[in-house]
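Written out below as structure tokens is the structure these notes cover.
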Amino acid sequence: MAELEIPAKYKIDEVRKRKEILELPIASPGDEPIKINLGPSHPAMHGTIKMIAEMVGETIVNIDVEPGFLHRGFEKMMENHTYPSALPYTDRLNYVTAFINNFGYVATIEKLFGIEITERCAWLRTLFSELSRITDHYTCQAAICSEIGAMTPFLYFMQARDWIWEHFNWATGARQTYSYARIGGLARDIPDDWLDKCKEILKSNIPLLKDIHGLMDKNRIFLDRTQGVGEISQEDAINAGITGPFLRSTGVGYDVRKALPYLKYNEVEWEVPVGKYGDNYDRWFIRNREIEESLKICFQCIEKMPRTGPINSDDYQAHLPYKPEVYQTIEGLINHFKIIIEGPKPPKGTIYHCVEAANGELGFFLVSDGTGTAYRLHVRAPSFMTMGALDKIIIGHQLADIIPIFGSVNMVGGECDR
Amino acid sequence: MSYQLPDFPDMNYYDRKKRTLLDQLYVKEIGRGVWITSKHLFRNLFKWLTFRKGGVVILYPEEQRPDLSPNNRGRHVLVQRRNGSPRCVACQMCATVCPASCITIEAEESDDAIIQKRPKVFNIDISRCIFCGFCVEACPVDAIRMLPTTEKLVGYNRFKMIYDRDTLLHWNPVVNDDVVHGYNPI
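As you go down the protein sequences, you meet chains A and B in turn. Using numbering that gives the first Met the number 0, the letters of the first sequence correspond one by one to residues 0 to 417. Using numbering that gives the first Met the number 0, the letters of the second sequence correspond one by one to residues 0 to 185.
Pasting the structure below:
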């Protein structure tokens, strides 16, 4: 068999030459690069990831990125649990946007069943998805700020995030791992005045955001460390399979919410922000713009949402029957037991469904063999794709630039390593 | 849309503005930073001086949060019948649905001929529990509920965090048949 030939332009020497590194650092011919290990558990890395950097002087000439230290066998566990009882595991994929993971997982199974969710449920899911996208962007932005040395905006972001999380607790019963979605609906209806309070909370976030912009937008230290650092070309980003704010910062306006509209995203007005250079600063900028767009969507959802109506679909094959039926009728009780013991049984087949998570396209590929448990479930995790392109971004920069670069790509360990 | 977002003052910076000399000198930005942070400082200080909620830190095991949501999924309780026996009929539904497999149930025959079964052992390993509330949802007789409080959910030893039937049953004797407490999916 002929050996696979690598085109010249992809060879490492050529790549380095293009980045004009080889001429830069090597001092004398006998020098070897020094290896520096940024271990799996390092105070400056958020998430457990190992990086072995080869350095000449202060410049990184080669880097080896090793994810996988948070591997918990998510996909194997999905094969051992029935569809409803595996739901809490999806909370822990990207633990900041548990709602989006829940709704993505549940929508995959609904697609397989052919269940249509109710109007009110779809609006609620849209609202919750956007709120949790806001919280994820808050978290990422806060991390970038604190890694560059600005602790105050970090605390303001955390405060704003906590207001939203505490408000989630009033609707779902948990601050972070909600387990709120059910196949064909939601776990429970929201309290009566929840939406009005939600509006107030979002409005009270705006002064805090203004303060943060006041601190960061013209801050010279911040601009110097983000502008022109961690650049990636559009081509590289597409080839690596990157999606989400990272891809949009290079100028590609790909967003699953626009490209393959799901839930109610085609009934609200919003736009996809794109960047130009694909560096740290563009990623920061895109996330800020997305927070604004998400706020817009949230306000529109609250306006347009029907205030009354059923939450769960009429389809009883997938979700648990209502409690009065379980307590009073034998059919309801049998249905309840069957769904819990055996799980809802979708038809045989394979299906892929993707949603726009905070870091990009979160896809679920499900193989069903007709039983109540998934035969195979693969998660297309957006963070994992960014890890493949991380060396392209980091090579040529200095050791201190790893931290803001790694902060701005927003790798989430639970999702990346699964 | 009734509510319009305000324009953030410096957000319309695309394409990147060239920085002026005044921006390059740190002085102006330091002044702005001090102004913004001191506004927050004095606001919080005023709240603290007038005995309102200033900080948000709670020293957890000793202090309890007074403002927890009534829907919060906290501590498990087993509901009693009017004579004080557990309402649970040991049907194993909660143990089946539990994603963390932290519930252990052993059944025995009940004295009452109508009830037939009752739990001899009902253990919940709180150190493994993920508080998803599925056990509450799965119960066909409304025998297990979750209270909003997170009291006594800590321990020095993981073996002491396995709560048995009597602890779960008598932890809050106020629970009676008619009042719906805490997380209940109806």
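Here a beta-carbon is modelled for each residue, glycine too, at the ideal position from N, C-alpha and C.
Local Cβ density within 10 Å of residue i, reported as buried at 16 or more and exposed below that
i      : result
A:I20  : Here A:I20 scores only 48 on pLDDT, less than 50, and its place in the model should not be relied on; the value that follows carries that caveat. Under this definition A:I20 is a buried residue.
A:D192 : exposed
B:F50  : exposed
A:R224 : buried
A:I116 : buried
A:I220 : exposed
A:N79  : exposed
A:S203 : exposed
A:Y264 : buried
A:L262 : buried
A:S367 : buried
Alpha carbon of residue i to alpha carbon of residue j, nearest angstrom
i      : j      : result
A:R119 : A:K257 : 21 Å
A:L208 : A:L123 : 25 Å
A:D161 : B:S84  : 41 Å
A:L214 : A:E268 : 30 Å
A:S40  : A:G67  : 12 Å
B:R157 : B:I102 : 15 Å
A:E22  : A:G72  : Unreliable placement is indicated for A:E22, whose pLDDT of 48 sits below 50; no coordinate value is reported for it.
A:F405 : A:E146 : 10 Å
A:P305 : A:F298 : 14 Å
A:G172 : B:N71  : 4 Å
A:V408 : B:V33  : 30 Å
A:V255 : A:E360 : 7 Å
A:Q233 : A:F127 : 31 Å
B:D111 : A:F98  : 45 Å
A:L222 : A:Y94  : 29 Å
B:C128 : A:A239 : 38 Å
B:K38  : A:P260 : 43 Å
A:L194 : B:Y162 : 38 Å
B:L21  : A:I401 : 29 Å
Contacting residues, own chain, Cβ-Cβ under 8 Å from residue i (five flanking each side not counted)
i      : result
A:E230 : Y276, G277, D278, I392
A:D235 : A388, K391
A:M76  : A85, Y88
A:P403 : I143, E146, I147, R224, T225, V228, G229, N279
Closest residue to residue i among the options (Cα-Cα distance)
i      : options                        : result
A:K196 : A:W169, A:G184, A:I133         : A:W169
B:R64  : B:S126, B:T149, B:V120         : B:T149
A:S312 : A:V251, A:L319, A:G183, A:K295 : A:G183
A:L398 : A:G46, A:E270, A:E53, A:A317   : A:E53
B:K119 : B:N156, B:P60, B:R42, B:C87    : B:C87
A:E65  : A:I59, A:F73, A:T47            : A:T47
A:I51  : A:T138, A:H45, A:F298, A:D63   : A:D63
A:T349 : A:L365, A:E355, A:L361         : A:L365
A:H352 : A:I108, A:V60, A:I189, A:E31   : A:I108
A:G454 : A:K34, A:A43, A:L69            : Past the boundaries of the shown model lies residue 454 of chain A; chain A is included only from 0 to 417, so the question cannot be answered.
A:E266 : A:A121, A:R417, A:N61          : A:A121
A:Y326 : B:L146, B:V140, B:P147, B:K159 : B:V140
B:C93  : B:E61, B:F121, B:A137          : B:A137
A:R181 : A:T81, A:T307, A:I200, A:T138  : A:T81
A:Y137 : A:S178, A:L201, A:G103         : A:L201
A:V378 : A:V95, A:Y104, A:M44, A:Y94    : A:Y104
Beta-carbon proximity list for residue i, same chain, < 6 Å, skipping 5 on both sides
i      : result
A:E92  : Here residue 92 of chain A is Leu; the residue named in the question, Glu, does not match the sequence. Correct list, in chain order: N100, G413, E414.
A:F383 : C415
A:E129 : S293, I296, C297
A:M410 : G46, S382
A:Y280 : T225, Q226
A:A106 : H352
Simplified DSSP assignment, three categories, for residue i
i      : result
A:Y155 : helix
B:C138 : coil
A:L21  : With a pLDDT of only 45 at A:L21, under the threshold of 50, the placement of this residue in the model should not be trusted; the figure read from the coordinates follows. DSSP places A:L21 in coil when its eight states are reduced to three.
A:D416 : helix
A:I404 : helix
A:Y88  : helix
A:I237 : helix
B:P85  : strand
A:P345 : coil
A:M52  : The question names Met, yet the displayed sequence has Ala at residue 52 of chain A. Reduced to three states, the DSSP call for A:A52 is strand.
A:M304 : coil
B:Q63  : coil
A:H396 : coil
7 Å Cβ shell around residue i - same chain, five flanking residues per side excluded
i      : result
A:M157 : A141
A:P272 : R247, I285, R288, E289, E292
B:L168 : L77, Q79, P85
A:K344 : G369, T370, G371
A:L332 : V325
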